[in-house]
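Peer 1: Numbered by our numbering, the letters in the sequence shown go through residues 3 to 68 in order.
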Amino acid sequence: VLDERGRQAEVPIVPMALELDQVPEPRARGTYETKLLLRQIPHDAVAAVHDPAGGRILTAGFRIVP
Numbered sequence: 003v004l005d006e007r008g009r010q011a012e013v014p015i016v017p018m019a020l021e022l023d024q025v026p027e028p029r030a031r032g033t034y035e036t037k038l039l040l041r042q043i044p045h046d047a048v049a050a051v052h053d054p055a056g057g058r059i060l061t062a063g064f065r066i067v068p
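(1) For His99, does the count of other Cβ atoms within 10 angstroms reach 16, so buried, or fall short, so exposed?
(2) Please go through the same chain and pick out, in chain order, the residues whose beta-carbon is closer than 8 Å to the beta-carbon of Val16, but skip the five residues on each side of it.
(3) Could you tell me the boundaries of the beta strand (DSSP E) in which Gly32 lies?
(4) Select from Gly57, Val48, Ala11, Met18 the residue whose C-alpha is nearest the C-alpha of Gly63.
(5) Tell me the DSSP secondary structure of Leu4 in three-state form.
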């Protein structure tokens, strides 16, 4: 996470494991929620999720405006 001055905020890597009772349908979706403590100015952020089953890393960039 970078603020408008290019300063990086420390954001820890948060491991998460999904355990399901059955194999999900193709294109199924889920949600994950977390909270970040950041300075009260706009930030640019990137989230990445590694999908070992599919062999991909999924990323999304977004702007956080308090």
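Glycine included, each C-beta is placed from N, C-alpha and C at the ideal position.
Just so you know, these numbers come straight off a predicted model, no measurement behind them.
Peer 2: So, from the data block:
(1) The requested residue 99 is not part of the displayed model; the chain covers only 3 to 68.
(2) Within the sequence shown, the letter at position 14 stands for residue 16. Contacts found: Thr36.
(3) On the sequence shown, residue 32 is found 30 positions in, with the first residue counted as 1. Taken as a continuous stretch (DSSP letters only), Gly32 belongs to no beta strand (DSSP E), as it is neither H nor E.
(4) Locating residue 63 in the sequence shown gives position 61, where the first residue counts as 1. Checked all of Gly57, Val48, Ala11, Met18; the closest Cα to Gly63 is Val48.
(5) Within the sequence shown, residue 4 is the residue found at index 2, counting from 1. Strand.
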